[in-house]
Amino acid sequence: MCVRVAGGGPSPPGSSSKTTSPTVLHSKIWVSNSRTKYSCDKKKNKNKHLGHITINHVTIVFADYGSEDITILEDGLAFITTGLKYPGLPSSDVTGKIFSLDLQDSRLKPVELRMPRNFDLESFNPHGLSVYVDPSDDTIYLFVVSHPRHNSQVELFRFVEDDHSLVHLKTIKHDLLYSVNDIVAVGVDSFYATNDHYFSHKILKGFVEPFLAQPWANVVYYSPEDVKVVSQGYYFANGINISPDKRHIYMVDTFDQNVHVFERKDDNTLVSVKSVDVDSLCDNVEVDPETGDLWLGCHPNGWKVLMFDPKDPPGSEVLHIQNIHSDQPVVKQVFADNGQVIMGSSVAATHAGKLLIGTVFHKALVCDLE
Ligand SMILES: [Ca+2]
Ligand SMILES: [Ca+2]
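Residue numbering for the sequence shown follows full-length UniProt numbering, beginning at 1 and increasing consecutively.
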């Protein structure tokens, strides 16, 4: 059970595992900065040799306008979407932007990527993102979900490292991409995407559909030649990512509190392998390219995110999943905060001993792991 030293909200609601019951380790962590200290005691520790992850320094790298999704290149350069406006959730008036952050540079200074002149910045509303590095020429393609006027489309950019700019290649729209949350690129113009809702209209999506609570969300495969629903029957299909060997897809269903594991087939259809209970309302998922471990930004109390009250803010939680393909995946909480440091964590990604945590509408943090 987590202990929030400076107060805190109730634990997330329980959930039942469909297939795999992992060992859940809530290991002791300390998060400290100049103002606050938090501790989290062990919930269960069936496997003590795993030890603890210690976070010994926290650096705030963003102001209060969100960092909903993050992905990190193998050289430590992170891409971050900011300024999301999403029905029912708090947001700022700041226009959507993409930032990079070089985790190898000790200054930890976010750099706003220069957008192309021919791109409609006013309506840019960036949400999930994914990077594809073309193995033939190392070109870096950035795929960004955007919601101009509450629609859904995918913006495809090429990243120019020399001057930190983006070249806009195309806008991808399709009838099956109607309420896109996140995306994982599998080629220069192909990807899997999650639709988190059945409806795309702002009111129906933000208020009516949550009330109905039906498993109408899905996963779509897109390529210029072939677009199809490849998995369906989810309550809120959210983060999506791919294993380092590209054979498996991981998808987070936030409301059923599971990470679903799929095997990719030659025709890009998905076959369900298992689901892993995470016992939290998780959002986006990142995958360590070397270990294949999963990192999840989660909402320990979804109600507080929706009914935002700055006096009783939503907290943050980061989960780490090891050995997801084994019979005993290990789900470990590595960060917990009652909202005093950051509210509404939506993504977590690591590189060389650093943990970068992003949020839906608040700050981002860089933590040093030990
Ligand atoms: Ca993503
Ligand atoms: Ca998301």
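Backbone N, C-alpha and C fix where the C-beta goes; we use that ideal spot for every residue, glycine too.
Three-state secondary structure (DSSP) of residue i
{"i": "H150", "result": "helix"}
{"i": "G239", "result": "strand"}
{"i": "K170", "result": "strand"}
{"i": "D120", "result": "coil"}
{"i": "K354", "result": "strand"}
{"i": "K109", "result": "coil"}
{"i": "K205", "result": "helix"}
{"i": "N268", "result": "coil"}
{"i": "R158", "result": "strand"}
{"i": "R114", "result": "strand"}
{"i": "D283", "result": "strand"}
{"i": "D253", "result": "strand"}
{"i": "L176", "result": "coil"}
{"i": "A348", "result": "strand"}
{"i": "H299", "result": "strand"}
{"i": "T71", "result": "strand"}
{"i": "K274", "result": "strand"}
{"i": "Y141", "result": "strand"}
{"i": "S316", "result": "strand"}
{"i": "Q214", "result": "coil"}
{"i": "T359", "result": "strand"}
Local Cβ density within 10 Å of residue i, reported as buried at 16 or more and exposed below that
{"i": "A185", "result": "buried"}
{"i": "D283", "result": "buried"}
{"i": "Q333", "result": "buried"}
{"i": "P313", "result": "buried"}
{"i": "H320", "result": "buried"}
{"i": "D75", "result": "exposed"}
{"i": "G187", "result": "exposed"}
{"i": "S106", "result": "exposed"}
{"i": "S280", "result": "buried"}
{"i": "P329", "result": "buried"}
{"i": "K85", "result": "buried"}
{"i": "S152", "result": "buried"}
{"i": "Q214", "result": "exposed"}
{"i": "K37", "result": "Here the model assigns K37 a pLDDT of 30, short of 50, so the residue's position is not dependable, and the following value carries that caveat. K37 should be labelled exposed."}
First and last residue of the uninterrupted alpha helix (DSSP H) at residue i
{"i": "residue 379", "result": "An answer regarding residue 379 cannot be provided, because it is not within the stretch 1 to 370 covered by the chain."}
heavy atom of ligand 3 below 6 Å from residue i C-beta
{"i": "N125", "result": "Ligands present in the displayed structure are limited to ligand 1 and ligand 2, and ligand 3 is not among them."}
Euclidean distance between Cα positions of residue i and residue j
{"i": "V278", "j": "S67", "result": "22 Å"}
{"i": "S223", "j": "K265", "result": "15 Å"}
{"i": "L296", "j": "S346", "result": "8 Å"}
{"i": "V94", "j": "L121", "result": "11 Å"}
{"i": "T194", "j": "S200", "result": "13 Å"}
{"i": "D189", "j": "K311", "result": "44 Å"}
{"i": "Y221", "j": "A364", "result": "30 Å"}
{"i": "Y250", "j": "D162", "result": "33 Å"}
{"i": "G353", "j": "E290", "result": "13 Å"}
{"i": "V305", "j": "S136", "result": "43 Å"}
{"i": "H146", "j": "L176", "result": "The residue you asked about is not His; residue 146 is Ser in the sequence shown. Taking the straight line from one Cα to the other gives about 15 Å."}
{"i": "I242", "j": "N118", "result": "32 Å"}
{"i": "L355", "j": "D309", "result": "27 Å"}
{"i": "residue 371", "j": "V252", "result": "Outside the shown range of the chain, which is 1 to 370, sits residue 371, and nothing can be said about it."}
{"i": "H325", "j": "A349", "result": "20 Å"}
{"i": "A336", "j": "W303", "result": "17 Å"}
{"i": "P344", "j": "M115", "result": "Before going on, a small fix: residue 344 reads as Gly here, not Pro. Rounded to the nearest angstrom, the two C-alpha atoms are 27 Å apart."}
{"i": "L270", "j": "L77", "result": "30 Å"}
{"i": "V58", "j": "E225", "result": "45 Å"}
{"i": "G88", "j": "V360", "result": "12 Å"}
{"i": "N258", "j": "G239", "result": "11 Å"}
{"i": "V293", "j": "Y235", "result": "Note on identity: in this sequence residue 293 is Asp, with Val being the wrong assignment. Computed Cα separation, rounded: 24 Å."}
{"i": "Q322", "j": "D368", "result": "19 Å"}
{"i": "H150", "j": "F62", "result": "25 Å"}
{"i": "F255", "j": "P90", "result": "19 Å"}
{"i": "H362", "j": "I72", "result": "20 Å"}
{"i": "D245", "j": "D64", "result": "36 Å"}
Range covered by the beta strand (DSSP E) that runs through residue i
{"i": "H127", "result": "P126 to V133"}
{"i": "G339", "result": "It is not in any beta strand (DSSP E) - G339 carries neither H nor E in the DSSP assignment."}
{"i": "V186", "result": "Per DSSP, V186 belongs to no beta strand (DSSP E) and is neither H nor E."}
{"i": "D368", "result": "L365 to L369"}
{"i": "S100", "result": "K97 to D102"}
{"i": "H325", "result": "Segment: none, H325 is in no beta strand (DSSP E) and carries neither H nor E."}
{"i": "S223", "result": "A217 to S223"}
{"i": "residue 374", "result": "Nothing about residue 374 can be reported from this structure: the residues present for the chain run from 1 to 370 only."}
{"i": "S231", "result": "D226 to Y234"}
{"i": "L89", "result": "Taken as a continuous stretch (DSSP letters only), L89 belongs to no beta strand (DSSP E), as it is neither H nor E."}
{"i": "F191", "result": "F191 to N195"}
By C-beta, the residues closer than 7 Å to any heavy atom of ligand 2, given in chain order | Those residues, listed in chain order, are E68, D69, H127, G128, N181, D182, N238, G239, D283, N284 and S346.
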